[in-house]
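Chains A, B, C and D, in that order, give the protein sequences.
Using the working numbering, the letters of the first sequence correspond one by one to residues 1 to 128.
Using the working numbering, the letters of the second sequence correspond one by one to residues 129 to 256.
Using the working numbering, the letters of the third sequence correspond one by one to residues 257 to 384.
Using the working numbering, the letters of the fourth sequence correspond one by one to residues 385 to 512.
Okay, so here's the structure we're looking at.
There are 4 protein chains.
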Amino acid sequence: MLRVYFGDTDASGMAHYATHLMYLEKARTEWLWDAGVNVAETNNNDRHFIVRQVDIKYHRPLELGELLTVTTTIAEIKRASLLMRHQILNGDTLLSEADVKMVYMEHGRPARLPEYLQEVYDGVRGTN
Amino acid sequence: MLRVYFGDTDASGMAHYATHLMYLEKARTEWLWDAGVNVAETNNNDRHFIVRQVDIKYHRPLELGELLTVTTTIAEIKRASLLMRHQILNGDTLLSEADVKMVYMEHGRPARLPEYLQEVYDGVRGTN
Amino acid sequence: MLRVYFGDTDASGMAHYATHLMYLEKARTEWLWDAGVNVAETNNNDRHFIVRQVDIKYHRPLELGELLTVTTTIAEIKRASLLMRHQILNGDTLLSEADVKMVYMEHGRPARLPEYLQEVYDGVRGTN
Amino acid sequence: MLRVYFGDTDASGMAHYATHLMYLEKARTEWLWDAGVNVAETNNNDRHFIVRQVDIKYHRPLELGELLTVTTTIAEIKRASLLMRHQILNGDTLLSEADVKMVYMEHGRPARLPEYLQEVYDGVRGTN
Chain A
1 MLRVYFGDTD
11 ASGMAHYATH
21 LMYLEKARTE
31 WLWDAGVNVA
41 ETNNNDRHFI
51 VRQVDIKYHR
61 PLELGELLTV
71 TTTIAEIKRA
81 SLLMRHQILN
91 GDTLLSEADV
101 KMVYMEHGRP
111 ARLPEYLQEV
121 YDGVRGTN
Chain B
129 MLRVYFGDTD
139 ASGMAHYATH
149 LMYLEKARTE
159 WLWDAGVNVA
169 ETNNNDRHFI
179 VRQVDIKYHR
189 PLELGELLTV
199 TTTIAEIKRA
209 SLLMRHQILN
219 GDTLLSEADV
229 KMVYMEHGRP
239 ARLPEYLQEV
249 YDGVRGTN
Chain C
257 MLRVYFGDTD
267 ASGMAHYATH
277 LMYLEKARTE
287 WLWDAGVNVA
297 ETNNNDRHFI
307 VRQVDIKYHR
317 PLELGELLTV
327 TTTIAEIKRA
337 SLLMRHQILN
347 GDTLLSEADV
357 KMVYMEHGRP
367 ARLPEYLQEV
377 YDGVRGTN
Chain D
385 MLRVYFGDTD
395 ASGMAHYATH
405 LMYLEKARTE
415 WLWDAGVNVA
425 ETNNNDRHFI
435 VRQVDIKYHR
445 PLELGELLTV
455 TTTIAEIKRA
465 SLLMRHQILN
475 GDTLLSEADV
485 KMVYMEHGRP
495 ARLPEYLQEV
505 YDGVRGTN
């Protein structure tokens, strides 16, 4: 669960539009961590995901102090990229949703996704 | 012109994906300011734009220290909303591009865009 | 517990120096929330704390992926202000420490702190 | 000159307290750039400044849309560190002031400051 703090909001009184991307990143990173990707370790070895595209729809503003959950699923997996689908929710209420396309890079070039991510995906697909 | 500072980057060595949205906002706000919208004044009168949707493509990472320009055009104007199109460039090189749909709100509800914005748009359309 | 995400870091590979202030705010807000201050509600009624001074020492950089705790104690309480003392820790290792002086504002002016905060403080002082 | 954008503010309607540190960094980086330090190049060679301490006083909140200048002077220079002094101003009005102690690092260890920085400092001291 995430809470919306002052630093996440702007003078409109609601979360700033870039804040949603911070929340998505947290959810995505924890998802990857659970799937076996230690982003710190891979980054030290010059392996990381870069974001290639984000399509985000803001349905309802996030209010100061609000408690949120962010869901993460894989919508598509390719040789060197992942399409992640996120929803930001307060209980059952959908606040925003986003598709994030990420490319896996090794030493500055797109590279084949690690096999365990493929396996995680096969498992995840089964339960969704 | 914008420069990429340490605070705009992340441990990959490049600008963080949410940083692009900060740059777009700066360009958009200056565009609006030039068009006669003092965002501070309108915000104090409970009038502001909210972002409804962002579609952004990241073509080439932004490097620490790089000098950028951001272009802003209006792709579409409706009764209560604007579709703004941005490009982040280094010289002629396209680094990212984004469509940002914004809805004009007065007292928490979508409202008719101020007339001078309509006029600005008619002028802008002529020159593009 | 907080984790250091990519968006919290910069191109040095460590957390950006302003990120520490985001973490302090989270800890402080949760502390206030536990003490009975719903910052969203008070903000809507034009009551909020403003930060008057921050003195922060960075002892050891925060690494990408690191798990942190942030402690919050009140070092001093006055009629209209609080001095909060924070430590950012990884286990027993002190990473940074900060004194944050906050003034309580009502309708744009310093105002007497709510009585329940005084009481919380008396309680907290007892246990420290 | 810097302008305060929505993303720099929070739900209090003013700039967030961490935003000041972003502004200081911009001023400091441009100062260093003018002094001959290309922070991108040095960072690629595993040389960078880390911030060891910040003492900042917030005198007057920064408003949405406000235009600011940030001054940078060197208050002290040592073998491996700089003490930079900043002021954030709107015209002649002092909004915040900060002392930032930075240590120069090479390959993860404090290192002797480059000689040209010493020279710049001697020049700067002459004119202040």
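Backbone N, C-alpha and C fix where the C-beta goes; we use that ideal spot for every residue, glycine too.
Please read these numbers as outputs of a predicted model, since none were measured by experiment.
Going along the chain, which residues of its own chain have a beta-carbon closer than 8 Å to the beta-carbon of residue 306 of chain C, five neighbours each way excluded? Indexing the third sequence from 1 puts residue 306 of chain C at position 50. The residues are 358, 359 and 361.
For the structure I just gave you, are there three or more beta carbon pairs, one from the segment 174–189 of chain B and one from the segment 142–153 of chain B, closer than 8 Å? yes
message: Using CA atoms only, rank isn't needed, just tell me which of A:44, A:48 and A:68 is closest to residue 3 of chain A.
response: Here residue 3 of chain A corresponds to residue number 3 of the first sequence, with the count starting at 1. Residue A:68 is the option with its Cα nearest to residue 3 of chain A.
Q.
Does chain B have any CB closer than 8 Å to the CB of residue 272 of chain C?
A. Here residue 272 of chain C refers to the residue found at position 16 when the third sequence is read from its first residue. Taking Cβ atoms only, chain B reaches closer than 8 Å to residue 272 of chain C, which makes this a yes.
request  = List the residues that DSSP assigns as beta-bridge partners of residue 227 of chain B.
outcome  = Taking the first residue of the second sequence as 1, we reach residue 227 of chain B at position 99. Looking at the DSSP assignment, residue 227 of chain B forms a beta bridge with B:183 and B:213.
### Message
Report the start-end ranges of each alpha helix (DSSP H) in the segment 9–56 of chain A that is 4 residues or longer and not cut off at the edges.
### Response
19–34 and 39–44
- Query: Taking only beta-carbon atoms, is residue 292 of chain C less than 8 Å away from chain B?
  - Reply: Position 36 of the third sequence, counting from 1, holds the residue named residue 292 of chain C. So, not an interface residue.
Query - Under 8 Å between C-beta atoms of residue 368 of chain C and residue 336 of chain C - result: Locating residue 368 of chain C in the third sequence gives position 112, counting from the first residue. Locating residue 336 of chain C in the third sequence gives position 80, counting from the first residue. Yes, these two residues count as a Cβ contact at 8 Å.
- Segment limits, beta strand (DSSP E) that includes residue 195 of chain B: Numbered from its first residue, the second sequence carries residue 195 of chain B at position 67. Where residue 195 of chain B is concerned, the enclosing beta strand (DSSP E) stretches over 195–205.
_For a contact defined as C-beta to C-beta under 7 Å, what are the partners of residue 263 of chain C on chain B?_
One-based indexing of the third sequence puts residue 263 of chain C at position 7. Neighbours of residue 263 of chain C on chain B, chain order: 138, 144 and 146.
> Using a C-beta to C-beta distance shorter than 9 Å, which residues of chain D count as neighbours of residue 204 of chain B?
Replying inline: Counting from one through the second sequence, the residue named residue 204 of chain B turns up at place 76. Residues of chain D passing the Cβ test: none, with the nearest at roughly 22 Å.
Check your understanding: Could one say the Cβ of residue 68 of chain A lies closer than 8 Å to chain D's Cβ atoms, at least one of them?
Key -> As a first step, residue 68 of chain A must be located in the first sequence, where it is residue number 68. It does not; no Cβ of chain D falls within 8 Å.
| query | Using DSSP with H/G/I as helix, E/B as strand and the rest coil, what is residue 350 of chain C? | reply | Here residue 350 of chain C is taken as the residue at index 94 of the third sequence, counted from 1. The answer is strand: DSSP assigns residue 350 of chain C an E or B state.
*Which listed residue (A:40, A:36, A:108 and A:11) has its alpha carbon closest to that of residue 116 of chain A*: Locating residue 116 of chain A in the first sequence gives position 116, counting from the first residue. It is A:36 whose Cα lies nearest to the Cα of residue 116 of chain A.
Looking at the structure shown, is residue 130 of chain B part of a helix, part of a strand, or coil, going by DSSP? The count along the second sequence starts at 1 and reaches residue 130 of chain B at position 2. The answer is strand: DSSP assigns residue 130 of chain B an E or B state.
For this session: Closer than 7 Å by C-beta to residue 224 of chain B: which residues in its own chain qualify, once you throw out the five before and the five after it? Chain order, please.
Result: In the second sequence, residue 224 of chain B corresponds to position 96, counting from 1. The answer, listed in chain order, is 148, 184, 185, 186, 187 and 216.
Closer than 9 Å by beta-carbon distance: list the chain B residues that pair up with residue 320 of chain C, in chain order. In the third sequence, counting from the first residue as 1, residue 320 of chain C sits at position 64. Under the 9 Å cutoff, chain B gives 138 and 139.
Open item on the list: Classify residue 169 of chain B: buried if its beta carbon has 16 or more other beta carbons within 10 angstroms, exposed otherwise.
Closed with: As a position in the second sequence, residue 169 of chain B is number 41, starting the count at 1. It counts as exposed.
Discussion item. At the level of alpha carbons, what is the spacing between residue 476 of chain D and residue 77 of chain A?
Written reply: In the fourth sequence, the residue the question calls residue 476 of chain D occupies position 92. In the first sequence, the residue the question calls residue 77 of chain A occupies position 77. Spanning the two alpha carbons is a distance of roughly 57 Å.
Measure the Cβ-Cβ separation of residue 422 of chain D and residue 193 of chain B and say whether it is below 8 Å.
-> Translated into the one-based positions of the fourth sequence, residue 422 of chain D becomes position 38. Translated into the one-based positions of the second sequence, residue 193 of chain B becomes position 65. Contact flag set, yes.
List the residues of chain C whose Cβ lies closer than 8 Å to the Cβ of residue 441 of chain D, in chain order.
For the purposes of this step, residue 441 of chain D is taken as the residue at position 57 of the fourth sequence. Per Cβ cutoff of 8 Å: 308 and 309.
Q) So which residues on chain A does residue 328 of chain C lean against when the C-beta distance must stay under 9 Å? A) Residue numbering aside, residue 328 of chain C sits at position 72 when the third sequence is read from its first letter. Within chain A, no residue comes near residue 328 of chain C; the closest Cβ sits about 14 Å away, beyond 9 Å.
- Comparing alpha-carbon positions, which option in B:191, B:227 and B:218 lies nearest residue 156 of chain B? Here residue 156 of chain B is taken as the residue at index 28 of the second sequence, counted from 1. Checked all of B:191, B:227 and B:218; the closest Cα to residue 156 of chain B is B:227.
Anything in the segment 110–121 of chain A with a Cβ closer than 7 Å to a Cβ of chain C? List those residues in chain order, please. none
Review point. Skipping 5 residues on each side, what residues in its chain have a beta carbon closer than 8 Å to that of residue 153 of chain B?
Key: Position 25 of the second sequence, counting from 1, holds the residue named residue 153 of chain B. Excluding positions up to five away in sequence, the list is empty.
Whole angstroms are fine: how far does the CA of residue 300 of chain C sit from the CA of residue 160 of chain B? Looking up residue 160 of chain B in the second sequence gives position 32. Looking up residue 300 of chain C in the third sequence gives position 44. Each residue's alpha carbon lies about 28 Å from the other.
> Mind checking whether residue 327 of chain C and residue 139 of chain B have CB atoms under 8 Å apart?
Replying inline: As a position in the third sequence, residue 327 of chain C is number 71, starting the count at 1. As a position in the second sequence, residue 139 of chain B is number 11, starting the count at 1. No. Outside cutoff.
Report, in whole angstroms, the separation of the C-beta atoms of residue 83 of chain A and residue 75 of chain A, which I expect to be a contact under 8 Å. Indexing the first sequence from 1 puts residue 83 of chain A at position 83. Indexing the first sequence from 1 puts residue 75 of chain A at position 75. Yes, they are in contact, since the Cβ atoms of residue 83 of chain A and residue 75 of chain A sit about 4 Å apart, within 8 Å.
| task | Spell out whether any CB of chain B is found under 8 Å from the CB atom of residue 485 of chain D. | result | Stepping through the fourth sequence from its first residue, residue 485 of chain D is reached at position 101. No - not a single Cβ of chain B is within 8 Å of the one on residue 485 of chain D.
Counting C-beta neighbours from all protein chains within 10 Å, is the total for residue 141 of chain B 16 or more, i.e. buried, or is it exposed? Here residue 141 of chain B refers to the residue found at position 13 of the second sequence. Looking at its Cβ environment, which holds 16 or more other Cβ atoms inside 10 Å, residue 141 of chain B is buried.
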